[in-house]
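Residue numbers (my numbering): 5 to 264. Even for Gly, the Cβ is constructed at its ideal location relative to N, Cα and C.
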């Protein structure tokens, strides 16, 4: 995000005035990921806490769908306006979301994995309804980046966040993404692989479909191949060394053996 100055009170007030968020109480940058196409700022006002998200590239697709599923009870952020906004201090468009209280957890308990499976099935059911599809179709609007980094948990519930990669894809891709990257994160932190039965069974029960194990396995293989190709590309441009590349290859082989 190119700005004339660091994010300051004047910037926060400009954002607040566009959407009538109220008087500014606090503000700060909360972008955490090292490689990100967005900048995020928490703005707290007398009316609540909001997330201002500036997009260096494209505004996410299917924003009307995100608003639609929130209004129907899905545990996800509320988007205040689906039309991109612009400011005097950045060339990048921004959107404003409700800020969800909670924390990110790399490791989930079995009951939490079950809740995530149920949430994902609910999202896919809503997609069928939104697209006027036959119920329990095989593809539709997917989250596109489902992992623990996009789950906020608190004592009451688990929320899906960061829907920036929404697109039309096979629903099973969301399932495979979560399974592969959850296991990868466990191994990277030198933790044991996790049985994903609670997640998968909860998703199956929610969707009430004839669950194709071979289709899921195929999506996991695709995800594995993409990750290896991505890692090789990182090695070729010098972002990781040969030992790191070999380690990623070993982890991928272990995950495939465990999940397939």
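Please specify which runs of the alpha helix (DSSP H), each continuous and at least 4 residues long, are wholly inside the stretch 24 to 87, giving them in chain order.
Qualifying alpha helix (DSSP H) stretches, in chain order: 67 to 75.
Any contact of the stretch 146 to 162 with the stretch 237 to 252, i.e. 3+ C-beta pairs under 8 angstroms?
No: fewer than three Cβ pairs fall under 8 angstroms.
Can you tell me whether residue 7 is helix, strand or coil according to DSSP?
Taking the chain shown and counting its residues from 1, one reaches residue 7 at position 3. For residue 7, the pLDDT reaches just 47, beneath the cut-off of 50, and the residue's location in the model is therefore unreliable, although a value from the coordinates is still provided. DSSP places residue 7 in strand when its eight states are reduced to three.
Is the CB-CB distance between residue 49 and residue 110 below 8 angstroms?
Taking the first residue of the chain shown as 1, we reach residue 49 at position 45. Taking the first residue of the chain shown as 1, we reach residue 110 at position 106. Not a contact, by the Cβ cut-off of 8 angstroms.
Which residues bound the alpha helix (DSSP H) around residue 249?
The residue you call residue 249 lines up with position 245 of the chain shown. Start and end: 246 to 263.
Going straight from the alpha carbon of residue 10 to that of residue 92, what length do you get?
Position 6 of the chain shown, counted from the first residue, corresponds to residue 10. Position 88 of the chain shown, counted from the first residue, corresponds to residue 92. The straight-line gap from Cα to Cα measures roughly 13 angstroms.
What are the residues that DSSP puts in a beta bridge with residue 89?
Against the chain shown, residue 89 aligns to sequence position 85. According to DSSP, residue 89 bridges with 98.
Per DSSP, residue 162 forms a beta bridge with which residues?
Indexing the chain shown from 1 puts residue 162 at position 158. In DSSP, residue 162 forms a bridge with 157.
Going by DSSP, what residue range makes up the alpha helix (DSSP H) through residue 238?
Taking the chain shown and counting its residues from 1, one reaches residue 238 at position 234. 217 to 240 is the extent of the alpha helix (DSSP H) around residue 238.
Can you find at least 3 beta carbon pairs, one from the stretch 131 to 148 and one from the stretch 66 to 85, that sit closer than 8 angstroms?
Segments in contact, yes.
Measure the beta-carbon distance from residue 256 to residue 232 and round it to whole angstroms, keeping in mind my assumption that it falls under 8 angstroms.
Locating residue 256 in the chain shown gives position 252, counting from the first residue. Locating residue 232 in the chain shown gives position 228, counting from the first residue. About 6 angstroms separates the two Cβ atoms, so the contact holds.
Taking buried to mean at least 16 other C-beta atoms within 10 Å of its own C-beta, is residue 199 buried or exposed?
Along the chain shown, read from residue 1 onward, the residue named residue 199 stands at position 195. Residue 199 is exposed by the Cβ-count criterion.
Check whether chain C comes within 8 angstroms of residue 240, counting only Cβ atoms and requiring the distance to be less than that.
Looking for chain C here will not work: only one protein chain is present.
Using only the alpha-carbon positions, how far apart do residue 263 and residue 94 sit?
Taking the chain shown and counting its residues from 1, one reaches residue 263 at position 259. Taking the chain shown and counting its residues from 1, one reaches residue 94 at position 90. Rounded to whole angstroms, residue 263 to residue 94 spans 45 angstroms at the Cα level.
When the distance is taken between beta carbons, is residue 129 closer than 8 angstroms to residue 150?
Taking the first residue of the chain shown as position 1, residue 150 is located at position 146. Taking the first residue of the chain shown as position 1, residue 129 is located at position 125. No, these two residues do not count as a Cβ contact at 8 angstroms.
Consult DSSP for residue 198 and reduce its assignment to one of helix, strand or coil.
Here residue 198 corresponds to residue number 194 of the chain shown, with the count starting at 1. Correct three-state label for residue 198: coil.
Just the C-alpha distance for residue 258 and residue 227, rounded to the nearest angstrom, thanks.
Residue numbering aside, residue 258 sits at position 254 when the chain shown is read from its first letter. Residue numbering aside, residue 227 sits at position 223 when the chain shown is read from its first letter. When rounded, the distance between both Cα atoms is 14 angstroms.
Quick one: Cα of residue 12 to Cα of residue 207, how far?
Along the chain shown, read from residue 1 onward, the residue named residue 12 stands at position 8. Along the chain shown, read from residue 1 onward, the residue named residue 207 stands at position 203. Using only the alpha carbons, I get a separation of about 43 angstroms.
Could you check how far apart the C-beta atoms of residue 59 and residue 83 are, in whole angstroms? I think they sit under 8 angstroms.
For the purposes of this step, residue 59 is identified with residue 55 of the chain shown, where counting begins at 1. For the purposes of this step, residue 83 is identified with residue 79 of the chain shown, where counting begins at 1. With a Cβ gap of about 13 angstroms, residue 59 and residue 83 do not count as contacting.
In terms of residue numbering, what span does the alpha helix (DSSP H) encompassing residue 106 cover?
Position 102 of the chain shown, counting from 1, holds the residue named residue 106. That residue, residue 106, is in no alpha helix (DSSP H); it is neither H nor E in DSSP.
Anyone know if the C-beta pair for residue 123 and residue 162 falls short of 8 angstroms?
Taking the first residue of the chain shown as 1, we reach residue 123 at position 119. Taking the first residue of the chain shown as 1, we reach residue 162 at position 158. A contact, by the Cβ cut-off of 8 angstroms.
From which residue to which residue does the beta strand (DSSP E) around residue 171 run?
Counting from one through the chain shown, the residue named residue 171 turns up at place 167. Residue 171 -> beta strand (DSSP E) spans 171 to 174.
Measuring CA to CA, which of 203, 204, 205 and 188 is closest to residue 197?
Taking the chain shown and counting its residues from 1, the one referred to as residue 197 is at position 193. When only C-alpha atoms are compared, the closest one is 188.
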